[in-house]
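> Please find one structure pasted underneath; my questions will follow.
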Amino acid sequence: MPRPLSPSTITSDNGNSGIKSEWNYHPPIPIDNNPLFSWPIRWKDTLIYYRDSWLVVSEGTIFILLAALSWRFFSPEIESVQKFDWSWVGGIWLRNFLLLLSVAGALHYYFFVRKHQKTDLKYVSSFMSNSNRFLFKNQLWDNLFHALVSGVFFWSFYEVLMFWAMANGHVQLITFQSHSVWFILALPTIYIWIAFHFYCVHRLLHIKFLYGRVHAVHHRNIATGPFSGISMHPFEHLFYFSSVLIHLIVPTHPVHIIFHLYALSLGAVFGHTGFDALLVKNKKRLAIGHFHHQLHHRYFDCNYGSVDMPWDKWFGTFHDGSRDAMKQIRASRKL
Ligand SMILES: [Zn+2]
Ligand SMILES: [Zn+2]
4 MPRPLSPSTI
14 TSDNGNSGIK
24 SEWNYHPPIP
34 IDNNPLFSWP
44 IRWKDTLIYY
54 RDSWLVVSEG
64 TIFILLAALS
74 WRFFSPEIES
84 VQKFDWSWVG
94 GIWLRNFLLL
104 LSVAGALHYY
114 FFVRKHQKTD
124 LKYVSSFMSN
134 SNRFLFKNQL
144 WDNLFHALVS
154 GVFFWSFYEV
164 LMFWAMANGH
174 VQLITFQSHS
184 VWFILALPTI
194 YIWIAFHFYC
204 VHRLLHIKFL
214 YGRVHAVHHR
224 NIATGPFSGI
234 SMHPFEHLFY
244 FSSVLIHLIV
254 PTHPVHIIFH
264 LYALSLGAVF
274 GHTGFDALLV
284 KNKKRLAIGH
294 FHHQLHHRYF
304 DCNYGSVDMP
314 WDKWFGTFHD
324 GSRDAMKQIR
334 ASRKL
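The sequence shown stops at residue 338 when you use the numbering used here, and every number in between is there.
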C-alpha cells in the first residue's frame, strides 16, 4: 500500500523502541495507521499523509502511470471483448506476466543480486534461503513458481472477467470528463477497500484449517523478497484478487480496474521487498517495504490488514512494532 516516505535518513535504530536486536532496521516506532480514521480526525496529519503518498513518486503514483500506459497501449478495445478469445485473453496474461517479471525482477536484481544497498534499511539482515520448507528447496524458485504460474493466472483471470463484464454492460463505466472528482478520489479509495477486503480474507486464511492447507505457502517466507509478494497457494490467489469484483457494483473506469490489480500484485511485490526505502545518495527517495506487514510475517497473529484502514487496531490485533504491543499480543495468545 502507498506509504508516506519518512523524512529521516538512514539509521539502524531509531532509539525509541528497544527492539533493535530483533531487526536490522525498522522505521520510527510506534508505526501509525491512516490518520483519516482517527477520532477526532487529525485533519492536518491526514492531509500530510495523502500529500506524501499521492503527490510524490510513490508506489501509488507509479501504479497509476503503469495502469494508464497499460490501458492506452497494452489492453484490448472494450467493444472487441464481448466474447472470450485466446488472442485478447492471452495478451492480458502475457502483459501481466512480463510486468511482474520486470518489476519484481528489477527489484530482486537491484537489492538481492547486485546488493546495491547492502543491508541498509533492510528489515532483517538475512537474504533469501534455501531451506527444505521451500519448493525446489530454494526460496527464489519457490516464489517464482507460485507468483508467475498461479499468481499471474488468477490476476489475469479477474482482469479478463472484468473486461468481459465491461464489454457486456455488467459494469457501469465512467469517464474522467463525466465524473472527474470521483475519477481521482476512486484511486486512494481503492486502497481503503483493499485494506478492508484483505483484512477479512486474511483473517479467514489464519483459521487453522485454511492456514495449514493454503496460507502456509505464503508464510514460508520470513525473510521476504519481491517475488514473495504474491507467492501464494492458488486458493489464496482466488480469494486475494477477488477484491477487484467491487467494480461490478461501483462505477469506475477501466484504468481503475487495472490500477486495482496492480495495487494487489505489484503492491505486494513492493511491500515484500524487505527494504524500507530506496536510497539515493544516502537519502530515502522511494518508500518500498511495508513494515506493518513485515511484522505479520515475523509474529503471525497480528497486522492482518494494512495501515490504510485500522481494522487491526479496532479488533485488537495491531502490532505497532513496540515492546508493549508485543506484550499485548503475547497476552492475547494465552487467553
Ligand atoms: Zn506477506
Ligand atoms: Zn498471514
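Here a beta-carbon is modelled for each residue, glycine too, at the ideal position from N, C-alpha and C.
Please read these numbers as outputs of a predicted model, since none were measured by experiment.
Taking only the alpha-carbon atoms, compute the straight-line gap between residue 209 and residue 149 and give it to the nearest angstrom.
Approximately 19 Å between the Cα atoms of the pair.
> Return the residue from the list 248, 186, 195 that minimises the CA-CA distance to residue 174.
Checked all of 248, 186, 195; the closest Cα to residue 174 is 248.
> Do the stretch 249-262 and the stretch 273-292 make contact, defined as three or more Cβ pairs closer than 8 Å?
Because the criterion of three Cβ pairs below 8 Å is not met, the stretch 249-262 and the stretch 273-292 do not touch.
> Are there 16 or more other CB atoms within 10 angstroms of the CB of residue 270, so buried, or fewer, so exposed?
With 16 or more Cβ atoms within 10 Å of its Cβ, residue 270 is classed as buried.
> What are the boundary residues of the alpha helix (DSSP H) that residue 47 is part of?
Counting along the chain, the alpha helix (DSSP H) containing residue 47 begins and ends at 46-57.
> Could you give the C-beta distance for residue 312 and residue 160, rounded to a whole number, given that I count them as a contact under 8 Å?
At roughly 26 Å, the Cβ-Cβ gap does not stay under 8 Å, so residue 312 and residue 160 are not in contact.
> Starting from residue 280, trace the beta strand (DSSP E) both ways and give me its first and last residue.
From DSSP, the beta strand (DSSP E) with residue 280 extends over 280-283.
> In the DSSP assignment, find the alpha helix (DSSP H) that holds residue 138 and state where it starts and stops.
Residue 138 -> no alpha helix (DSSP H), and no H or E assigned at all.
> Using only alpha-carbon positions, find the residue among 59, 320, 62, 37 that is nearest to residue 202.
Checked all of 59, 320, 62, 37; the closest Cα to residue 202 is 320.
> Report yes if the CB atom of residue 277 is closer than 8 Å to the CB atom of residue 127, and no otherwise.
A contact, by the Cβ cut-off of 8 Å.
> Between residue 345 and residue 240, how many whole angstroms is the CB-CB distance? I'm expecting something under 8 Å.
The chain is shown only over 4 to 338; residue 345 falls outside these bounds and no answer can be derived.
> Starting from residue 312, follow its DSSP beta bridges and name the residues at the other end.
Paired residue(s): 309.
> Please classify residue 11 as buried or exposed, where buried requires at least 16 other C-beta atoms within 10 Å of its C-beta.
Reliability of the predicted coordinates at residue 11 is poor, the pLDDT of 43 falling under 50, and the value obtained from them is presented with this limitation in mind. Exposed: under 16 other Cβ atoms inside 10 Å.
> Just to check, is the beta-carbon of residue 209 closer than 7 Å to a non-hydrogen atom of ligand 2?
Correct: residue 209 has its Cβ closer than 7 Å to ligand 2.
> Counting along the chain, where does the alpha helix (DSSP H) carrying residue 206 start and finish?
Element bounds for residue 206: 183-208.
> Whose CB is closer than 6 Å to a heavy atom of ligand 1? List the residues in chain order.
Ordered along the chain, the selected set is 221, 275, 296, 300.
> For a test of the three-state rule: what should DSSP assign to residue 251, helix, strand or coil?
In the structure shown, residue 251 sits in a helix (DSSP, three-state: H, G or I).
> Any heavy atom of ligand 2 closer than 7 Å to the Cβ of residue 205?
Answer for residue 205: yes, Cβ within range of ligand 2.
> Can you check DSSP and say which residues form a bridge with residue 289?
In the DSSP output, where bridge partners are listed per residue, residue 289 has 281.
> DSSP three-state call for residue 70: helix, strand or coil?
Note: residue 70 maps to helix in three-state DSSP.
> Using only CA atoms, which one of 213, 196, 217, 283 lies nearest to residue 260?
Among 213, 196, 217, 283, the Cα nearest to that of residue 260 belongs to 196.
> Are the stretch 74-81 and the stretch 228-244 in contact at 8 Å, needing three or more beta carbon pairs?
No: the two stretches stay apart, fewer than three of their Cβ pairs being nearer than 8 Å.
> Do residue 218 and ligand 2 come close, with the Cβ less than 7 Å from some heavy atom?
Yes, the Cβ of residue 218 comes within 7 Å of a heavy atom of ligand 2.
> Helix, strand or coil for residue 331, going by three-state DSSP, please let me know.
Three-state DSSP puts residue 331 in a helix.
> Are the CB atoms of residue 131 and residue 143 nearer to each other than 8 Å?
Their beta carbons are under 8 Å apart, which means residue 131 touches residue 143 by this criterion.
> If we ignore side chains and look at the alpha-carbon of each, how far apart do residue 102 and residue 334 end up?
Cα to Cα, the separation comes out at about 43 Å.
> Can you tell me which of the three DSSP states residue 125 falls into?
In this structure, residue 125 counts as strand in the three-state DSSP scheme.
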